[in-house]
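Chains as they are written, first to last, in my numbering: chain A, 659 to 967; chain B, 659 to 967.
What follows is a set of notes on a single structure, which appears directly below.
There are 2 protein chains.
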Amino acid sequence: MSILVVGSVALDSVKTPFGEAKDVLGGSASYFSYAASYFGEVRLVGAVGQDFPQHYMNLFNEKGIDIAGLEKKEGKTFRWAGAYKEDINQRETLSVDLGVLEDFWPDLTDKYKKSEYVFLANIDPELQLHILNQIENPKLVVCDTMDIWIENKKNNLLEVFKRADIAFLNDSEARQLAKESNLVKAADKILKLGVRYVVIKKGEHGVMLFGEDTCFSLPAYPMRDVLDPTGAGDSFGGGFLGYISKKNDTSCNAIRKALVYATIIASFTVEDFSLNRLRTLKENEIKKRIEGFRKILEIENLTQSFGCV
Amino acid sequence: MSILVVGSVALDSVKTPFGEAKDVLGGSASYFSYAASYFGEVRLVGAVGQDFPQHYMNLFNEKGIDIAGLEKKEGKTFRWAGAYKEDINQRETLSVDLGVLEDFWPDLTDKYKKSEYVFLANIDPELQLHILNQIENPKLVVCDTMDIWIENKKNNLLEVFKRADIAFLNDSEARQLAKESNLVKAADKILKLGVRYVVIKKGEHGVMLFGEDTCFSLPAYPMRDVLDPTGAGDSFGGGFLGYISKKNDTSCNAIRKALVYATIIASFTVEDFSLNRLRTLKENEIKKRIEGFRKILEIENLTQSFGCV
């Protein structure tokens, strides 16, 4: 099934306690596309500037990602620079330059308008809405966001939440949006905004899923070496919607399984800078880690032991 | 099966954003005993002072806890005062007064020496060793500790770790003891100290189990209202060893199941101050929440979906 993603394609400069990388391929749509490409046909909607290296374009081609929707415009590519602390879960944004994304209102082709699965990656919610307005009959719309949009574009973001099926937020964003420190209560409030499910990403602590009648909690895959957490959340999204689209199943149980795949794809992403790890990642490596994760989660005969206090 | 616990029996004064309690029954052995009493025969070894109210003694009797090993000594009961921040996971210790625990070296009775399951709750590791030296043939020894013992009694603590089967630590203690910020690597180092398993408690983020050939990760039970987190870790220990002793099974899978029970018992503890919630807790409430937790963890046909990228 077809997946359309709109988001940033960026040149990132990243410092972590374990090294640094300058002007490497990044951005929410890049990470998402790479991750989702393991599962389905991905259409990337975004913009880069004249400074965007051709060999980065080739990286998308390598994975069969459809970049007919990736415009090369006059101006500069979106740039982000950040640094991670000794505690790798804490990051500081050093600089952001929107570049060509400041004025980007693409018209989708008829083919793109017919996309079945849509991921509104972390980007200005006005642009998310502009895309959503053009999609004719999506089977599932998932949106992601970040603190600056909650702070500065709340009304647009609330409109996105009204129309999306699933919202992705990290724990601090969920607390910020709901103005509620308890995550269960925050999820309640976010569900009232109109989404059917909210997925709260907690980084090294795993992920929680909340719906009207469901709650699911999944730990993270235990990592020994995290080189660079950049893109973990976006590739998590790619693994998630990739799996859903491949199965063409939006049931609650498919969503739970998709979160397992999302977790595993993200666990590979953080093993290297930029898309380096995902570039070399093979399907059998994914399968092997999924099987390892199953053993980590496993409790044999769980139901049999219950109720025997 | 019989469970012996040595630890503190305390008078706690606690402030949380939701209220406060003064001179209430607390201490690691109190919380442990209460939680374990749902599963087996609990023998409490500890000391209180002349100021310890008789009606607190009755609270142990109510649950059938054997307090023949709880000495009433000249002097004052151990007192702890603490405050929790707006973020309920952060706590500050305001004062500690060891009282009668400063000089407490009990001789166990023959009956106590034959105890099968032993929990060395958070207390001076010298006292933990003093108790351990008297146990004749334990089936399983579990130890808990805290930052001050890692800091001030490291050698005694290492001796405990050499002889215990399972070590309980929270995430910050594991990092402190191993001098390693990555929890997987920290667990590796701690296993080298001699324990067969290390259980790393992450509070609202769940728990991880590490052994030579095993790794298990379990999220916490999602809580809507946490009134007072005091005693969560100790009652977690009680639920854990209580379950193990009841099943008389120390296999890796039994340990995993025991961590589920531990999680659920701890989730009740934090719903009220002191032992208030555990006092009224009924077996059918435990069963119901266990079943709810099973649904929160559940991924139907997980194995079937694996390997189908």
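The C-beta atom is built at its ideal place from N, Cα and C for all residues, glycine as well.
A contact is defined here as three or more CB-CB pairs under 8 Å, and the region 811-831 of chain B fails this definition with respect to the region 902-921 of chain A. Shown in chain order are the members of the region 917-941 of chain A whose Cβ falls below 7 Å from a Cβ of chain B: 918, 941.
With respect to residue 690 of chain B, residue 779 of chain B sits close: the two C-beta atoms are nearer than 8 Å. When only Cα atoms are considered, residue 847 of chain B and residue 813 of chain B end up about 16 Å apart.
The criterion of a C-beta distance shorter than 8 Å is satisfied by residue 683 of chain A and residue 933 of chain A. Looking at the backbone, the Cα of residue 911 of chain A and that of residue 782 of chain B are separated by about 48 Å.
Nearest neighbour of residue 901 of chain B by Cα position, chosen from B/665, B/796, B/677, B/698, turns out to be B/698. The C-beta distance from residue 875 of chain B to residue 877 of chain A rounds to 4 Å, short enough to fall under 8 Å. As a beta-bridge residue in DSSP terms, residue 701 of chain B pairs with B/662, B/724. Three or more beta-carbon pairs separated by less than 8 Å are not found between the region 764-778 of chain B and the region 740-752 of chain B, which leaves the two stretches without contact. DSSP places residue 879 of chain B in the coil class of the three-state scheme, outside both helix and strand.
Near chain B, meaning a CB-to-CB distance below 9 Å, the residues of the region 869-891 of chain A are 872, 873, 874, 875, 876, 877, 878, 879, 880, 881, 882, 883, 884. Across the structure, residue 947 of chain A and residue 955 of chain A are spaced so that their CA atoms are roughly 12 Å apart. Membership of residue 869 of chain A in the beta strand (DSSP E) is indicated by the continuous run 865-869. The three-state secondary structure of residue 858 of chain B, taken from DSSP, is strand.
Of all residues in the region 839-859 of chain A, the ones placed with a Cβ closer than 7 Å to any Cβ belonging to chain B are 839, 840, 842, 843, in chain order. The beta carbon of residue 891 of chain A is closer than 6 Å to those of 859 in its chain, skipping five residues each way along the sequence. Going by DSSP, residue 934 of chain B is part of no beta strand (DSSP E) but of the alpha helix (DSSP H) stretching over 934-938.
Residue 755 of chain B has B/737 as its beta-bridge partners, per DSSP.
Per the coordinates, the alpha-carbon of residue 823 of chain B lies some 19 Å from the alpha-carbon of residue 842 of chain B. Here the region 667-679 of chain B does not lie against the region 867-874 of chain B, with fewer than 3 beta-carbon pairs under 8 Å apart.
In this model, residue 837 of chain A and residue 811 of chain A are separated by some 16 Å (Cα to Cα). Cβ neighbours of residue 924 of chain A within its own chain (closer than 7 Å, five residues either side excluded): 890, 893, 894, 897.
Taking all protein chains in view, the Cβ of residue 707 of chain B is crowded by 16 or more other Cβ atoms within 10 Å, so the residue is classified as buried. Put simply, the backbone Cα of residue 852 of chain B is about 26 Å away from that of residue 765 of chain B. Burial of residue 904 of chain A is indicated by the presence of at least 16 other C-beta atoms within 10 angstroms of its C-beta. Listed along the chain, the chain B residues whose CB falls inside 8 Å of the CB of residue 745 of chain A are 839.
Distance from the Cα of residue 735 of chain B is smallest, within the candidate group B/685, B/938, B/673, for B/685. Boundaries for residue 797 of chain B: no alpha helix (DSSP H) harbours it, and the DSSP string shows neither H nor E there. Remark: C-beta atoms of residue 761 of chain A and residue 737 of chain A do not approach each other more closely than 8 Å. The beta carbon of residue 808 of chain B lies closer than 7 Å to those of 815, 831, 834, 835 in the same chain, with the five residues before and after it left out.
Taking a 10 Å sphere around the C-beta of residue 726 of chain A, we find fewer than 16 other C-beta atoms and assign the residue as exposed. Residue 884 of chain B is a Cβ neighbour of residue 928 of chain B, given a cutoff of 8 Å.
Contact between residue 752 of chain B and residue 740 of chain B holds, since their C-beta atoms are separated by about 6 Å, short of 8 Å.
Between residue 879 of chain B and residue 867 of chain B, the C-beta gap is not smaller than 8 Å, which leaves the two residues out of contact. For the C-beta of residue 958 of chain A, the chain B residues within less than 9 Å are, from N- to C-terminus, 911, 914, 915.
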